[in-house]
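Residue numbers (my numbering), protein chains in the order written: chain A, 109 to 327; chain B, 109 to 327.
For every residue, glycine included, the Cβ atom is placed at its ideal position computed from N, Cα and C.
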DNA sequence: ATTACGTTTTAGACTTGCCTAATTTTATCG
DNA sequence: CGATAAAATTAGGCAAGTCTAAAACGTAAT
């Protein structure tokens with residue numbers, strides 16, 4: 109009763125979607141995997157047959173505990189490999205997502221655990237996303253999107269969206285990395301764009317598109 | 109015009125078979141991949157269509173230069189990953205083949221080249237097999253199977269069959285590793301079994317099955 | 001309560017990669 | 001040279017994973 113790479117990708121997507129809304133819809137899965145809804149429906153029947161999701165026709169689905177653990181395992185592998193690529197192989201943070209998409213399907217628990225050890229049992233990946241431990245437990249965090257953060261308060265960047273290399277390269281130009289200090293100088297109510305001060309030095313204008321993909325913690 | 113993992117496995121198998129006999133036969137490929145000849149015939153048509161092999165019905169096949177390079181690329185990746193697992197992740201030489209079978213299909217030339225660099229541009233993998241450089245060039249060697257080696261001469265183990273964990277564990281028990289010194293003490297003509305002296309210390313009896321999977325160089 | 005629209009599922013088709021069974025081709029041996 | 005055995009190919013079928021087009025369903029608004 110193994111899970112294929114394709115099934116693993118579905119479980120990972122469903123896990124992530126579950127974090128923002130449940131039950132998860134067919135269309136949301138289709139959009140996040142860039143495939144058609146009809147294809148998703150087929151797979152939902154298979155995942156349901158394997159007891160990885162609880163699925164009622166026309167009414168969305170939930171991960172079962174078994175499916176949730178399977179999803180977490182993939183995320184753990186993905187994030188450990190990403191960190192490995194950055195820390196040990198000198199890749200940039202905008203280069204690692206695509207390679208980790210492949211590496212996450214390598215089947216060897218021992219390898220994953222040794223990777224974890226080699227990296228010193230890290231809590232977060234290069235984009236600031238939390239890495240679950242070998243029991244599937246995530247550390248808790250208190251971040252919010254920069255777009256919702258208060259003006260004038262001292263903020264620390266805790267994570268950024270991982271899957272868009274263009275965004276990451278843009279952040280490099282702004283000098284924004286995980287741990288960077290930010291303060292919101294001015295906010296435009298109309299389009300949610302803002303002017304921010306980075307590390308008490310330079311000031312930049314950023315759009316809502318960018319501000320919604322940066323997550324911060326009030327210091 | 110990408111090559112799938114399956115196609116890569118065929119090319120790797122064909123490359124290895126080409127080293128001992130050309131043209132390569134349908135049956136030999138089927139045996140080495142543990143699939144049926146009929147399945148191989150189908151794939152041969154596809155590989156031929158992609159100009160990776162030169163194939164005449166009922167008369168065997170040869171790799172084209174393009175196919176040969178593709179095969180070498182997979183072998184290079186497989187062997188570099190194996191060495192990585194042993195050198196950097198503390199796996200034993202009998203544990204790495206299966207994991208490398210998966211890792212060899214990761215698509216990132218940059219990753220492979222950095223692996224090569226991290227390992228110091230190694231010439232051989234943990235089983236003594238040669239690692240081609242990034243241009244696909246193998247170092248030359250002068251080894252022969254222990255079963256054919258001369259009696260009484262000082263021999264050095266240069267490589268062993270990689271794909272049978274049981275054999276590798278057996279060699280561990282005999283104290284045989286890459287670089288070990290061996291001398292053939294007595295040979296039985298009848299079954300090609302022999303008695304050998306390992307590192308000028310212990311003497312062991314080994315069957316032809318084992319002796320044919322150990323490769324040596326006369327010192 | 002009915003309609004209209006968006007979401008979801010069904011139906012039918014295609015590709016890859018595998019199988020078994022039947023057939024064809026080649027090579028060998030008397 | 002012809003029979004026959006071994007090797008290879010063809011034919012037909014199956015599962016996974018994808019698609020498009022059509023039908024079914026659910027919901028929100030009138």
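Could you tell me how far apart the beta carbons of residue 219 of chain A and residue 197 of chain B are, in whole angstroms, since I believe they sit closer than 8 Å? Between residue 197 of chain B and residue 219 of chain A the Cβ distance is about 7 Å, and since that is below 8 Å, they are a contact.
Using 8 Å as the threshold, is the C-beta distance between residue 232 of chain A and residue 239 of chain A below it? Cβ distance < 8 Å, so residue 232 of chain A and residue 239 of chain A count as in contact.
Below 8 Å CB to CB, which residues in the same chain sit around residue 194 of chain B once its five sequence neighbours on both sides are set aside? Counting only Cβ-Cβ distances below 8 Å, and skipping sequence neighbours, we find 200, 201, 204, 234.
Any alpha helix (DSSP H) of 4 or more consecutive residues that is wholly inside the region 129-155 of chain B: Restricted to the region 129-155 of chain B, the alpha helix (DSSP H) segments that are unbroken, complete and at least 4 residues in length are 134-141, listed in chain order.
Please report whether the beta-carbon of residue 219 of chain B lies at a distance below 8 Å from any beta-carbon of chain A. Cβ-Cβ to chain A under 8 Å: yes for residue 219 of chain B.
To which residues of the same chain is residue 244 of chain A closer than 6 Å at the C-beta, ignoring the five residues directly before and after it? Result list for residue 244 of chain A: 177, 180, in chain order.
May I have the straight-line CA-CA distance separating residue 173 of chain A from residue 210 of chain B, to the nearest angstrom? Approximately 28 Å, taken between the alpha carbons.
Cβ-based contacts, 8 Å cut-off: residues of the region 127-160 of chain B near chain A: Those would be none; no residue qualifies.
Suppose the cutoff is 7 Å on Cβ atoms and the five residues either side in sequence are ignored; what does the same chain contact list for residue 169 of chain A look like? Excluding positions up to five away in sequence, the list reads 131, 132, 152, 161, 162, 163.
Between residue 283 of chain B and residue 310 of chain B, which are expected to be in contact by the criterion C-beta below 8 Å, what is the C-beta distance as a whole number of angstroms? Right, their Cβ atoms sit about 7 Å apart.
When DSSP labels each residue in this structure, what does residue 251 of chain A get in the three-state scheme? Residue state, collapsed to three classes: coil.
In chain order, what are the residue ranges of uninterrupted beta strand (DSSP E) at least 3 long that sit wholly in the region 241-289 of chain B? Listed in chain order, they are 262-268.
Assuming residue 325 of chain A is part of the beta strand (DSSP E), what are its boundary residues? Residues 322-326.
What residues from chain A crowd round residue 215 of chain B, counting only those whose CB sits closer than 7 Å? Here the neighbours are 210.
For a cutoff of 8 Å on Cβ pairs, would you count residue 322 of chain B as touching chain A? In terms of beta-carbon proximity, residue 322 of chain B stays away from the interface with chain A, with every pair separated by 8 Å or more.
Identify the continuous alpha helix (DSSP H) that holds residue 113 of chain B and give its terminal residues. Residue 113 of chain B -> alpha helix (DSSP H) spans 113-126.
Evaluate contact between the region 283-293 of chain B and the region 251-269 of chain B, counting only Cβ atoms and requiring at least three cross-stretch pairs below 8 Å. These segments touch.
Strictly under 8 Å for the Cβ-Cβ distance: is residue 109 of chain A near chain B by that measure? No, no contact with chain B.
For residue 212 of chain B, which of helix, strand or coil comes out of DSSP? Taken through DSSP and simplified to helix, strand or coil, residue 212 of chain B comes out as coil.
Give me the Cα-Cα distance between residue 299 of chain B and residue 281 of chain B, rounded to the nearest whole angstrom. Approximately 23 Å between the Cα atoms of the pair.
What residues of chain A sit near residue 207 of chain B, judged by a beta carbon separation below 9 Å? In chain order: 214, 215, 216, 218, 219.
Run through DSSP, which three-state label would residue 200 of chain B get? In the three-state scheme derived from DSSP, where H, G and I count as helix and E and B as strand, residue 200 of chain B is classed as coil.
Relative to the alpha-carbon of residue 286 of chain A, which residue among A/304, A/302, A/271, A/267 has its alpha-carbon at the smallest distance? The option with the nearest alpha carbon to residue 286 of chain A is A/267.
Applying the 10 Å Cβ sphere with the 16-neighbour rule, what's the burial state of residue 109 of chain B? Residue 109 of chain B should be labelled exposed.
Looking only at its own chain, which residues have a Cβ that is under 7 Å from the Cβ of residue 316 of chain A, when we skip the five neighbours before and after it? In the same chain as residue 316 of chain A, and ignoring 5 residues on each side of it, the C-beta atoms closer than 7 Å to its own belong to 255, 299, 300, 301, in chain order.
How would you label residue 319 of chain A, buried or exposed, when you count the other beta carbons within 10 angstroms and need 16 or more for buried? Its Cβ being crowded by 16 or more others within 10 Å, residue 319 of chain A is buried.
Per-residue DSSP class, three states only, for residue 182 of chain B: Helix at residue 182 of chain B.
Below 8 Å on C-beta distance, what does residue 198 of chain B contact in chain A? Near residue 198 of chain B (Cβ distances below 8 Å), the residues of chain A are 222.
Nonlocal neighbours in the same chain, by C-beta distance under 6 Å from residue 148 of chain B, ignoring five residues either side: If we look at residue 148 of chain B and ignore the five residues flanking it on each side, its Cβ neighbours are 134, 137, 138.
Do residue 141 of chain B and residue 117 of chain B come within 8 Å of each other at the CB atom, strictly closer than that value? Yes, these two residues count as a Cβ contact at 8 Å.
Quick check on the DSSP output: the beta strand (DSSP E) that includes residue 311 of chain B runs from which residue to which? Run containing residue 311 of chain B: 310-314, per the beta strand (DSSP E) assignment.
Measure the alpha-carbon distance for residue 278 of chain A versus residue 126 of chain A and round it to whole angstroms. About 29 Å.
C-alpha distance - residue 222 of chain B paired with residue 297 of chain B, whole-angstrom precision: For the pair residue 222 of chain B and residue 297 of chain B, the Cα-to-Cα distance works out to about 48 Å.
List the endpoints of the continuous alpha helix (DSSP H) containing residue 226 of chain A. Residue 226 of chain A -> alpha helix (DSSP H) spans 217-226.
On a CA-only basis, which of A/313, A/226, A/214, A/183 is nearest residue 124 of chain A? Give me that one, please. Checked all of A/313, A/226, A/214, A/183; the closest Cα to residue 124 of chain A is A/183.
Could you check whether residue 207 of chain A and residue 214 of chain B sit closer than 8 Å to each other, using their CB atoms as the reference points? In this structure, residue 207 of chain A lies closer than 8 Å to residue 214 of chain B by Cβ.
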